[in-house]
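Structure first, then comments.
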Amino acid sequence: MNSNKIDLSSSIINNGSKIKKENLNKYHYTLSLLQKARRNNLLDEGMIKSIQQEIFILLKELIQKYTKGKSSSVKVETAEFLQSSILYSIDIKLSSVSSPEDSLNIIQEKNMKEIYEQGINIVESLFDETKKLYDQIKENRLKIPLEVYNSSIDQALPDFFSNYNIKYNASNTVTMIDYPLIFDDMKVQGVLYIKNYLETLKLETTFCNYFNIKDIRDLLKKYGQIYKVDYREIPINLFELVLNNSIFSTILDDNILNLEISISKYRILHDLLTEISAEKIKSLVNRAVGKINKELSIQDHKLINYIKQYIPLFMGRLLNSIENDCLYNITLTDIQTEEKDKIVFSSRNSMNDNIFRSIVEKISNCAKTDNKIKIINTKIKSMDDFLDILSADCLYNDEFFALFQNISDMELAVLAKIIFTEEIRVDEFDLSSLESKNIEEEWQLYYIKFIKKLNKNHQKQIIKLINKIEF
Amino acid sequence: MNIPEIFNTKKSYFNNIMETNNQSQSYGLVLKEKDVMEILNERESVLQDQGRVELEIGITVKIIEFLCSSPYVDKIHYTEEIIELQEIYYYLKTETNDKIPDNKLLKIIFNLYNNPCNGSLELLKGREADRIINAVRCNESLPETKGGSNQGEF
Numbered sequence: 222m223n224s225n226k227i228d229l230s231s232s233i234i235n236n237g238s239k240i241k242k243e244n245l246n247k248y249h250y251t252l253s254l255l256q257k258a259r260r261n262n263l264l265d266e267g268m269i270k271s272i273q274q275e276i277f278i279l280l281k282e283l284i285q286k287y288t289k290g291k292s293s294s295v296k297v298e299t300a301e302f303l304q305s306s307i308l309y310s311i312d313i314k315l316s317s318v319s320s321p322e323d324s325l326n327i328i329q330e331k332n333m334k335e336i337y338e339q340g341i342n343i344v345e346s347l348f349d350e351t352k353k354l355y356d357q358i359k360e361n362r363l364k365i366p367l368e369v370y371n372s373s374i375d376q377a378l379p380d381f382f383s384n385y386n387i388k389y390n391a392s393n394t395v396t397m398i399d400y401p402l403i404f405d406d407m408k409v410q411g412v413l414y415i416k417n418y419l420e421t422l423k424l425e426t427t428f429c430n431y432f433n434i435k436d437i438r439d440l441l442k443k444y445g446q447i448y449k450v451d452y453r454e455i456p457i458n459l460f461e462l463v464l465n466n467s468i469f470s471t472i473l474d475d476n477i478l479n480l481e482i483s484i485s486k487y488r489i490l491h492d493l494l495t496e497i498s499a500e501k502i503k504s505l506v507n508r509a510v511g512k513i514n515k516e517l518s519i520q521d522h523k524l525i526n527y528i529k530q531y532i533p534l535f536m537g538r539l540l541n542s543i544e545n546d547c548l549y550n551i552t553l554t555d556i557q558t559e560e561k562d563k564i565v566f567s568s569r570n571s572m573n574d575n576i577f578r579s580i581v582e583k584i585s586n587c588a589k590t591d592n593k594i595k596i597i598n599t600k601i602k603s604m605d606d607f608l609d610i611l612s613a614d615c616l617y618n619d620e621f622f623a624l625f626q627n628i629s630d631m632e633l634a635v636l637a638k639i640i641f642t643e644e645i646r647v648d649e650f651d652l653s654s655l656e657s658k659n660i661e662e663e664w665q666l667y668y669i670k671f672i673k674k675l676n677k678n679h680q681k682q683i684i685k686l687i688n689k690i691e692f
Numbered sequence: 023m024n025i026p027e028i029f030n031t032k033k034s035y036f037n038n039i040m041e042t043n044n045q046s047q048s049y050g051l052v053l054k055e056k057d058v059m060e061i062l063n064e065r066e067s068v069l070q071d072q073g074r075v076e077l078e079i080g081i082t083v084k085i086i087e088f089l090c091s092s093p094y095v096d097k098i099h100y101t102e103e104i105i106e107l108q109e110i111y112y113y114l115k116t117e118t119n120d121k122i123p124d125n126k127l128l129k130i131i132f133n134l135y136n137n138p139c140n141g142s143l144e145l146l147k148g149r150e151a152d153r154i155i156n157a158v159r160c161n162e163s164l165p166e167t168k169g170g171s172n173q174g175e176f
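Read top to bottom, the protein sequences are chains A and B.
Mapping of the first sequence onto my numbering: residues 222 to 692, in sequence order.
Mapping of the second sequence onto my numbering: residues 23 to 176, in sequence order.
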């Protein structure tokens, strides 16, 4: 027993409800446990200091091992990751028991060195367990030409198993996995993150494996056709694509394994979903999901819960797409090319470089904003030239606002489509929540400021136009 | 827990520095309490500037033990030179990306200080420090570590 600590057992039992596991920070379990225990008088200041001192000694020893005794000083960042590594193993040991009271009992009975060493043993077991899980996933992988999926399995995950350092850097996940999962808690670190990732990937893969792989491939190709991207290179989640279309097929009373929504079926679905309330849509979706679980005989409760967890997310996207009149985005129907009232912009009719340069010079020489806009209105006839003018350093600050005020909603929509190509692919694209991160050009910053000032109805009108535009 | 604060504390190291007077007084050099505090304050500050933490006070003690027996130091500049050598040491430790072990780096610094610098800290922190950094960056051999005296041999 740690001589610096008093007998806690009675007070912990009597104060069993004082600390609830859900109130602790699961990413920094030990530190938040100590804070809460101190606040609830389960540990006194002296004991907290003694625990900190023990962790400090562990850190000192680890630094000595890390430098092989050849350096008495290290960079702060080195000390920080070594300290994180120690706390990671201690966290794993202390959170391995069922309640915070049990964790405090461990602190009472053992010193931090023992807890740390037992934590390391658990991390080692988790690592072995995670490696086995990876081997299973590799064997049952989907045969699909999706680069992010394959590179995650063939490169990123093996990188983790080769480079993960339990002793010195246990909290570092050491790899970047590109394949996105529907639910992925990226605040979790180290082997626990990889274990969670693989467990979730296993659930998603199990679900996808109920479907014909060729149908999944076709669905992916359809996605590529609709969004005019190389489907092999998109960072997309397969589970989501498959489940969405399975839900739609089920709502249409079609075979739940059918992932293709034809144009005629899309029309039926569109008419159905646009005429009923959100509540009724929710009930239809829930019924469809129940039917999918039943007909596929899904027994795994984790998978059933995972699908259940996805439904609110799906509902949000579905209702949004109905509201913005772009249901085809979520059903992956190539209705766009068939009957969408599309507006196509071409790059033709751009002026030659000399004429363009002389116009830029004229605009630059104008002192008044009104005159600048007049020149743009009369001389610029193509969207390519218009974009070049915006980037030509001939307009400044409020002049951009004046110009945007002067152009049509259609032109504003085209500009949005150019700046937010990626975001527009997502159904919840919303002009009021645009962010100026990753913005490359000055005019784009002013565009965002301008568009955010428009009222909601005006923004909706522009969104509708955005959905109709194709380049 | 703030790591630099935990490690780089000067409180516990005061006596370690005072004890170096046992050796240095035979050379007529003695650090007063205010000198020791100044050395420790400057150490803390240079560690912070270089983004480092240190487990113990050993480097400073070794610098003092070397310097007190050097023919190039006098009473007036004793404290100042200790502080400057400390600064040069941590600067080089960081700039060479921790690739030179403590003892080897101290040995290089002490030998260069004696010869060719002949006690000139300006030369040591200018030309010679650049040579060391470049040698490590270009993976070339380090300046000669064999000195004429036993000083700095650890």
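We put the CB at the ideal spot given by N, CA and C, even for glycine.
Note that this is a predicted model, so its numbers are computed, not measured.
Can you tell me the Cα-Cα spacing of B/E175 and A/Y287, whole angstroms?
Because the pLDDT at B/E175 is just 27, under 50, the model does not fix this residue reliably, and the point stays unresolved.
By how many angstroms is the C-alpha of A/K674 removed from the C-alpha of A/C587?
Approximately 27 Å, taken between the alpha carbons.
Can at least three beta-carbon pairs, one atom from the region 114-126 of chain B and one from the region 71-84 of chain B, be found at a separation below 8 Å?
Yes, since at least three Cβ pairs between the region 114-126 of chain B and the region 71-84 of chain B fall closer than 8 Å, the two stretches touch.
Closer than 8 Å is the cut-off here; do at least three beta carbon pairs connect the region 418-434 of chain A with the region 307-327 of chain A?
Not touching, per the Cβ criterion.
With respect to the beta strand (DSSP E) encompassing A/K529, which residues constitute its N-terminal and C-terminal limits?
Where A/K529 is concerned, there is no enclosing beta strand (DSSP E), although the alpha helix (DSSP H) it sits in stretches over H522 to E544.
Let me see if you follow: with CB-CB separation under 8 Å, is A/S292 close to chain B or not?
Interface residue, yes.
Can you name, in chain order, every residue of its own chain whose Cβ lies under 6 Å from the Cβ of A/E559, other than the five neighbours on each side?
Reliability of the predicted coordinates at A/E559 is poor, the pLDDT of 47 falling under 50, and no value is obtained from them.
Apply the 10 Å Cβ neighbour rule to A/Y617 and answer buried if 16 or more other Cβ atoms are within range, or exposed otherwise.
Label assigned to A/Y617: exposed.
At a CB-CB cut-off below 8 Å, which residues of chain A make contact with B/I81?
Here the neighbours are S293 and S294.
Can you have a look at A/L459 and say buried or exposed, based on whether 16 or more other CB atoms are within 10 angstroms of its CB?
Label assigned to A/L459: buried.
Under a three-way DSSP split, which group does A/V369 fall into?
Looking at A/V369 - three-state DSSP - the assignment turns out to be helix.
Sort B/E78, B/Y49, B/N161 and B/S67 by Cα distance to B/N37 and report the nearest one.
Closest by alpha carbon: B/E78.
Taking the continuous alpha helix (DSSP H) assigned at A/S470, which residues delimit it?
Taken as a continuous stretch (DSSP letters only), the alpha helix (DSSP H) holding A/S470 covers L459 to I472.
Between the C-alpha atoms of A/K595 and A/F671, what's the straight-line distance to the nearest angstrom?
Going from the Cα of A/K595 to the Cα of A/F671 covers about 20 Å.
Using a Cβ-Cβ cutoff of less than 8 Å, which residues in the same chain neighbour A/D436 once the five nearest sequence positions on both sides are dropped?
Cβ within range, chain order: L478, N479, L480 and E481.
Identify which residue in B/D152, B/S142 and B/M40 has its Cα closest to the Cα of B/L107.
Per the Cα distances, B/S142.
Find the nearest neighbour of B/T101 within the set B/I39, B/E144 and B/Y35, judged by alpha-carbon distance.
Cα-wise, what sits closest to B/T101 is B/I39.
Given a threshold of 16 other Cβ atoms within 10 Å of its Cβ, counted over all protein chains shown, does A/K589 qualify as buried or as exposed?
Its Cβ having fewer than 16 others within 10 Å, A/K589 is exposed.
Please classify B/I98: does DSSP put it in a helix, a strand, or coil?
Correct three-state label for B/I98: coil.
Would you mind working out which of A/L255, A/R508 and A/N371 sits nearest A/I276, comparing C-alpha positions?
When each option's Cα is compared against that of A/I276, the closest is A/L255.
Which complete alpha helix (DSSP H) runs does the region 318-383 of chain A hold, if anything under 4 residues is left out?
Complete alpha helix (DSSP H) runs here, min 4: 321-330, 333-360 and 368-372.
Chain A partners of B/V75, CB-CB under 7 Å?
Result: S294, V295, V297 and A300.
Starting from the Cα of A/Y389, find the closest Cα among A/T396, A/L280 and A/M407 and give me that residue.
That would be A/L280, whose Cα lies nearest to the Cα of A/Y389.
Is the region 241-255 of chain A touching the region 285-304 of chain A in the sense that three or more CB pairs, one from each, lie closer than 8 Å?
No, because fewer than three Cβ pairs between the region 285-304 of chain A and the region 241-255 of chain A fall closer than 8 Å, the two stretches do not touch.
Shortest alpha-carbon distance to B/K147 belongs to which of B/I98, B/L164, B/C160 and B/E109?
Of B/I98, B/L164, B/C160 and B/E109, the residue nearest in Cα terms is B/E109.
Could you tell me whether any Cβ in chain B is nearer than 8 Å to the Cβ of A/I601?
Chain B, which has no Cβ nearer than 8 Å to the Cβ of A/I601, makes this no.
Can you find the residues in the same chain that come closer than 7 Å, C-beta to C-beta, to A/K352, ignoring five residues on each side of it along the sequence?
F382.
Provide the residue(s) that pair with A/S294 in DSSP beta bridges, ordered along the chain.
Note: A/S294 sits in a beta bridge opposite B/E76.
Name, please, each residue of chain B whose Cβ falls closer than 8 Å to the Cβ of A/K281.
Ordered by position in chain B, the residues that pass the 8 Å Cβ test against A/K281 are L77.
Terminal residues of the continuous alpha helix (DSSP H) containing B/A151?
Segment A151 to R159, the alpha helix (DSSP H) holding B/A151.
Going by C-alpha to C-alpha distance, which of A/I543, A/N476 and A/V409 sits closest to A/K685?
Checked all of A/I543, A/N476 and A/V409; the closest Cα to A/K685 is A/I543.
Can you tell me whether A/I690 is helix, strand or coil according to DSSP?
Note: A/I690 maps to strand in three-state DSSP.
Just how far apart, CA to CA, sit A/I278 and A/K423?
Spanning the two alpha carbons is a distance of roughly 41 Å.
In angstroms, rounded to a whole number, what distance separates the CA positions of A/M407 and A/F535?
Taking the straight line joining both Cα atoms gives about 21 Å.
So, are the CB atoms of A/K314 and A/I343 less than 8 Å apart?
Yes, the Cβ-Cβ distance between A/K314 and A/I343 is below 8 Å.
Among A/Q682, A/L624, A/Y667 and A/S629, whose alpha-carbon lies nearest the alpha-carbon of A/D651?
Of the candidates A/Q682, A/L624, A/Y667 and A/S629, the one whose C-alpha sits nearest the C-alpha of A/D651 is A/Q682.
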